[in-house]
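Peer 1:
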Amino acid sequence: MKEYHQQWDLDAIFPGGSDSVELTTYVANIELRISELHQHVQNFVFPKIPEQTKELREVIDHAQEAAKRLKEFSAFISCLSAQDVKDKQAQMWVSKRTELSAKYNNIQTEFDQKLVQIDSSTWKALMLESELSELAFVLDERREKAKDKLDLEQETLINNLAVDGYHGWGQLYDTLVGRMSLPYKGEKLSVGQAANKLSDSDRTIRKEVFNNWQLAWQEESDVFTETLNHLAGFRLQTYKHRGWDNPLKEPLSYNRMSEKTLKAMWDTITKYKSYYTKFLKEKAEWIGIDKLSIYDVDAPIGNVERKMEYTEGARFIVEQFERFSPLMASFARKAFEKRWIEAEDRPGKRPGGFCTSFPHSKETRIFMTYSGTLSNIATLAHELGHAYHQHVMNDLPIYNQSYAMNVAETASTFAEMIVADAAVKSVADPKEKLLLLEDKIQRSVAFFMNIHSRYLFEIRFYNERKAGKVSTERLNELMVEAQEEAYQDSLSEYDPTFWASKLHFHITGVPFYNFPYTFGYLFSLGIYAKAAKEGHAFEKKYIALLQDTGVMNVEDLAKKHLGVDLEDTEFWEEALKLCTADVEEFIELSSTLKQRSE
Ligand SMILES: [Zn+2]
Numbered sequence: 094m095k096e097y098h099q100q101w102d103l104d105a106i107f108p109g110g111s112d113s114v115e116l117t118t119y120v121a122n123i124e125l126r127i128s129e130l131h132q133h134v135q136n137f138v139f140p141k142i143p144e145q146t147k148e149l150r151e152v153i154d155h156a157q158e159a160a161k162r163l164k165e166f167s168a169f170i171s172c173l174s175a176q177d178v179k180d181k182q183a184q185m186w187v188s189k190r191t192e193l194s195a196k197y198n199n200i201q202t203e204f205d206q207k208l209v210q211i212d213s214s215t216w217k218a219l220m221l222e223s224e225l226s227e228l229a230f231v232l233d234e235r236r237e238k239a240k241d242k243l244d245l246e247q248e249t250l251i252n253n254l255a256v257d258g259y260h261g262w263g264q265l266y267d268t269l270v271g272r273m274s275l276p277y278k279g280e281k282l283s284v285g286q287a288a289n290k291l292s293d294s295d296r297t298i299r300k301e302v303f304n305n306w307q308l309a310w311q312e313e314s315d316v317f318t319e320t321l322n323h324l325a326g327f328r329l330q331t332y333k334h335r336g337w338d339n340p341l342k343e344p345l346s347y348n349r350m351s352e353k354t355l356k357a358m359w360d361t362i363t364k365y366k367s368y369y370t371k372f373l374k375e376k377a378e379w380i381g382i383d384k385l386s387i388y389d390v391d392a393p394i395g396n397v398e399r400k401m402e403y404t405e406g407a408r409f410i411v412e413q414f415e416r417f418s419p420l421m422a423s424f425a426r427k428a429f430e431k432r433w434i435e436a437e438d439r440p441g442k443r444p445g446g447f448c449t450s451f452p453h454s455k456e457t458r459i460f461m462t463y464s465g466t467l468s469n470i471a472t473l474a475h476e477l478g479h480a481y482h483q484h485v486m487n488d489l490p491i492y493n494q495s496y497a498m499n500v501a502e503t504a505s506t507f508a509e510m511i512v513a514d515a516a517v518k519s520v521a522d523p524k525e526k527l528l529l530l531e532d533k534i535q536r537s538v539a540f541f542m543n544i545h546s547r548y549l550f551e552i553r554f555y556n557e558r559k560a561g562k563v564s565t566e567r568l569n570e571l572m573v574e575a576q577e578e579a580y581q582d583s584l585s586e587y588d589p590t591f592w593a594s595k596l597h598f599h600i601t602g603v604p605f606y607n608f609p610y611t612f613g614y615l616f617s618l619g620i621y622a623k624a625a626k627e628g629h630a631f632e633k634k635y636i637a638l639l640q641d642t643g644v645m646n647v648e649d650l651a652k653k654h655l656g657v658d659l660e661d662t663e664f665w666e667e668a669l670k671l672c673t674a675d676v677e678e679f680i681e682l683s684s685t686l687k688q689r690s691e
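Counting from 94, one number per residue, gives the positions in the sequence shown under our numbering.
Below you can see the structure in the form of structure tokens.
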């Protein structure tokens, strides 16, 4: 059996790593293209149809070509800085990337403002022209978004002030967290180290770290009250000037979904929460306590012994994909053979995993550290799912290849579910099966309870913040209330300073960095349910769905490809039943095992 190589091949994209001559030339070409694009946008005048339709398409194509190369460059830099955190030259390229992206975005904004100035009837006619119709959704969306904002001068002013205001608060948060440390057994732990210890398998360690964790965040909470209040204040003030009243307006439009859909999703989750409170109770018994504390929720209840060598794991993934989609399986095989994956377990690598795509060379790279656990295999499948999503979109126009966070996790979760399910089914030993099921259900608990608490906190906080600054005490109170509600009072202890310790509340790039996760999870489960029913016949439909993720709102996407209404609870019910079936199996297996040991 041929062994797969565990190091990726980056030279196939630009030879020579961060010192690559080809890379330097490529970036110089992007700079040239960006300044040419700026000329084109500045020279662009209101189009007359049909004389200037072609001209407009040409400007758009210039923009798309620049965007494609910028993405290619950006992806390469992400790979370089992940494989070696000490690569100084790569750090320099990161700054270059920030500079070029900002330039490109400013030109886009200028261009969008020009689109706004085209009157509605001309615009409608334009979008029907053959040169533009394939891009109509994205162009329409951009024009509408630009219309919703202030004029160019004011938006530019906001963007400029945001650097030292809005984003400044976010950066200050990062700096402050980076400086924090907490005591543990005579040592000092960084926040990241402590966070890892919070899911240690030893409860006494978790408990001690959690107590110190609470003290550390409480001590700094007055400062974080400032950062969070100012960051949110800046956002709300901007919304007010634009005439936006609902704090969900921006995140919903970014995720191309309606508030009705969001409500249908949370309502259905709430309806099924009793399964998860039962699960947490059962889990508490395995840990040997009455009620779990919040720091027990993610803790393992035992160790899964089984491991697979890299090549064995790779073959397992390909085999499972094959059952659902031969095309996805052959794509995964190609990724292993062509060394698109960096999986080697060695020092100096960045932690975590990601997938990044190269739209120009139409290749993908996956980054992770593989040590042979079943959870590693699930991660690898997850990243291959992301890669496959990009793969099926490769031949679409660049403008049509962008999809939001909520559907970004669709293909990845789908691929992960295929493999996680198969892993559970492949073990015969009941205790091992129980551990794998527990690992699987933990995902649901995270999406339905933890993320729900973040969402509840954030929406309430933003609404209160409209009336003025929210105090530290009130933030703690809002946080615990949200957790009690999301976990349905099933825990003995909550985390009042979670609003300070969770980075996601302080991110300025994307507002409400929470509900899209849950959406993506359940959406992909709904698809998984359909795929399991329809077998190989589903493959074509699945590809068509993925290809449309960049050109439709989620309601239309679901209606067209799945024949379901996301604003109705039925679809969400179907998806949830898949999750609750795991809980039922877990509880049954758990009681059998307990009887045996009595
Ligand atoms: Zn992902």
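Backbone N, C-alpha and C define an ideal beta-carbon position, used for all residues, glycine too.
(1) Is it the case that the Cβ atoms of A309 and L269 are separated by a distance below 8 Å?
(2) Closer than 7 Å to a non-hydrogen atom of ligand 1 - does that hold for the CB of H453?
(3) Starting from E280, follow the beta strand (DSSP E) in both directions and report where the run begins and ends.
(4) Grab me the residues of I511's own chain with a C-beta within less than 8 Å of its C-beta, minus the 5 sequence neighbours each way, in chain order.
(5) Is any non-hydrogen atom of ligand 2 found closer than 7 Å to the C-beta of S214, if you look at the structure I gave you?
(6) Using three-state DSSP, classify Y614 as helix, strand or coil.
(7) Is there a Cβ of chain D sitting closer than 8 Å to that of E430, yes or no?
(8) Counting C-beta neighbours from all protein chains within 10 Å, is the total for V138 16 or more, i.e. buried, or is it exposed?
(9) Is there at least one non-hydrogen atom of ligand 1 closer than 7 Å to the beta-carbon of S546?
(10) Given 8 Å as the limit, is there contact between the region 536 to 544 and the region 317 to 334, that is, 3 or more CB pairs closer than that?
(11) What span of residues does the beta strand (DSSP E) with R328 cover, start to end?
(12) Between S505 and ligand 1, is there a pair consisting of the residue's CB and a ligand heavy atom that are separated by less than 7 Å?
(13) Flag H597 as yes when its Cβ comes closer than 7 Å to any non-hydrogen atom of ligand 1, and as no otherwise.
(14) Short of 7 Å in beta carbon distance, which residues of its chain neighbour A637, apart from the five on each side in sequence? Order them along the chain.
(15) Along the beta strand (DSSP E) that carries E456, what are the first and last residues, could you check?
(16) Between the Cα of Q581 and those of H597, R689, N543, spot the shortest distance and give me the residue it belongs to.
(17) If you draw a straight line from the C-alpha of E262 to the C-alpha of N556, how long is it?
(18) May I ask you to report which of helix, strand or coil DSSP gives L275?
(19) Could you spell out the range, first to last residue, of the beta strand (DSSP E) harbouring F451?
(20) Measure the C-alpha to C-alpha separation of M358 and W665 and round it to an integer number of angstroms.
(21) Examine the Cβ distances between the region 382 to 390 and the region 574 to 589 and report whether three or more of them are shorter than 8 Å.
(22) By how many angstroms is the C-alpha of G406 removed from the C-alpha of G110?
(23) With a Cβ-Cβ cutoff of 8 Å, do I170 and E456 count as a contact?
(24) Does A288 pass the burial test, meaning 16 or more other C-beta atoms within 10 Å, or should it be called exposed?
(25) By the DSSP assignment, the alpha helix (DSSP H) with L173 in it spans what residues?
(26) Since T215 and I142 should fall inside the 8 Å C-beta cutoff, what is the C-beta to C-beta distance between them, to a whole number of angstroms?
(27) Would V500 pass as a contact of G656 if the rule is Cβ separation under 8 Å?
(28) Which of the three DSSP states is assigned to I394 in this structure?
(29) Does the distance from the CB of A160 to the CB of Y197 come in under 8 Å?
(30) Three or more beta-carbon pairs under 8 Å between the region 365 to 380 and the region 672 to 679, yes or no?
(31) Assign Q182 to one of two classes, buried (16 or more other C-beta atoms within 10 Å of its C-beta) or exposed (fewer than that).
(32) DSSP three-state label for S386, please.
(33) Per DSSP, which residues does E435 bridge with? Please list them.
(34) Between the Cα of L125 and those of F424, K147, A156, spot the shortest distance and give me the residue it belongs to.
(35) Rounded to whole angstroms, what is the Cα-Cα separation between A504 and Q483?
(36) What is the DSSP secondary structure of E586, reduced to helix, strand or coil?
Peer 2: According to the structure data:
(1) Translated into positions along the sequence shown, residue 309 becomes position 216. Translated into positions along the sequence shown, residue 269 becomes position 176. Taking 8 Å as the Cβ cut-off, A309 and L269 do not qualify as a contacting pair.
(2) If you number the sequence shown from 1, residue 453 lands on position 360. No, the beta carbon of H453 sits no closer than 7 Å to any heavy atom of ligand 1.
(3) On the sequence shown, residue 280 is found 187 positions in, with the first residue counted as 1. Residues 280 to 283.
(4) Numbered from 1 along the sequence shown, position 418 holds the residue referred to as residue 511. Here the set comprises Q413, F414, R416, F417, A474, Y621.
(5) Annotation note on ligand 2: not contained in the displayed structure, which lists ligand 1 as its ligands.
(6) Residue mapping note: residue 614 aligns to position 521 of the sequence shown, counting from 1. DSSP places Y614 in helix when its eight states are reduced to three.
(7) Among the protein chains of the structure shown there is no chain D, as only one such chain exists.
(8) As a working note, residue 138 is residue 45 in the sequence shown. That one is exposed.
(9) Indexing the sequence shown from 1 puts residue 546 at position 453. Checking every heavy atom of ligand 1 against the Cβ of S546, none is found closer than 7 Å.
(10) no
(11) Position 235 of the sequence shown, counted from the start, is the residue given in the question as residue 328. Premise fails: R328 lies in the alpha helix (DSSP H), 296 to 335, not in any beta strand (DSSP E).
(12) To locate residue 505, count along the sequence shown from 1; it is residue 412. Yes, the beta carbon of S505 sits closer than 7 Å to at least one heavy atom of ligand 1.
(13) Position 504 of the sequence shown, counted from the start, is the residue given in the question as residue 597. No, the Cβ of H597 stays beyond 7 Å of every heavy atom of ligand 1.
(14) Translated into the one-based positions of the sequence shown, residue 637 becomes position 544. Excluding positions up to five away in sequence, the list reads H654.
(15) As a first step, residue 456 must be located in the sequence shown, where it is residue number 363. Counting along the chain, the beta strand (DSSP E) containing E456 begins and ends at 456 to 460.
(16) Locating residue 581 in the sequence shown gives position 488, counting from the first residue. Nearest C-alpha to Q581: N543.
(17) For the purposes of this step, residue 262 is taken as residue 169 along the sequence shown, with counting starting at 1. For the purposes of this step, residue 556 is taken as residue 463 along the sequence shown, with counting starting at 1. It should be pointed out that residue 262 corresponds to Trp in this sequence rather than to Glu. Looking at the two C-alpha atoms, the distance is approximately 20 Å.
(18) Counted from its first residue, the sequence shown places residue 275 at position 182. If DSSP states are grouped into helix, strand and coil, L275 belongs with the strands.
(19) Taking the sequence shown and counting its residues from 1, the one referred to as residue 451 is at position 358. Its beta strand (DSSP E) spans residues 447 to 451.
(20) Taking the sequence shown and counting its residues from 1, the one referred to as residue 358 is at position 265. Taking the sequence shown and counting its residues from 1, the one referred to as residue 665 is at position 572. Near 6 Å, if we compare the C-alpha coordinates of W665 and M358.
(21) yes
(22) The residue you call residue 110 lines up with position 17 of the sequence shown. The residue you call residue 406 lines up with position 313 of the sequence shown. Taking the straight line joining both Cα atoms gives about 28 Å.
(23) Looking up residue 170 in the sequence shown gives position 77. Looking up residue 456 in the sequence shown gives position 363. Cβ atoms of I170 and E456: not closer than 8 Å.
(24) Here residue 288 refers to the residue found at position 195 of the sequence shown. So A288 counts as exposed.
(25) Mapped onto the sequence shown, residue 173 falls at position 80. It spans 146 to 176 - the alpha helix (DSSP H) in which L173 sits, taken as one unbroken run.
(26) The residue labelled residue 215 in the question sits at position 122 within the sequence shown. The residue labelled residue 142 in the question sits at position 49 within the sequence shown. Going by Cβ atoms, the distance from T215 to I142 rounds to 7 Å, so yes, they are a contact pair.
(27) Here residue 500 refers to the residue found at position 407 of the sequence shown. Here residue 656 refers to the residue found at position 563 of the sequence shown. No, the pair does not count as a contact, with Cβ atoms beyond the cut-off.
(28) In the sequence shown, residue 394 corresponds to position 301, counting from 1. Three-state DSSP puts I394 in coil, outside helix and strand.
(29) To locate residue 160, count along the sequence shown from 1; it is residue 67. To locate residue 197, count along the sequence shown from 1; it is residue 104. Cβ distance < 8 Å, so A160 and Y197 count as in contact.
(30) yes
(31) If you number the sequence shown from 1, residue 182 lands on position 89. With fewer than 16 other Cβ atoms within 10 Å, it is exposed.
(32) Here residue 386 refers to the residue found at position 293 when the sequence shown is read from its first residue. Here S386 sits in strand by DSSP.
(33) Position 342 of the sequence shown, counted from the start, is the residue given in the question as residue 435. According to DSSP, E435 bridges with F460.
(34) Here residue 125 corresponds to residue number 32 of the sequence shown, with the count starting at 1. With distances taken between Cα atoms, L125 lies closest to A156.
(35) Here residue 504 corresponds to residue number 411 of the sequence shown, with the count starting at 1. Here residue 483 corresponds to residue number 390 of the sequence shown, with the count starting at 1. Rounded to whole angstroms, A504 to Q483 spans 9 Å at the Cα level.
(36) For the purposes of this step, residue 586 is taken as residue 493 along the sequence shown, with counting starting at 1. The answer is strand: DSSP assigns E586 an E or B state.
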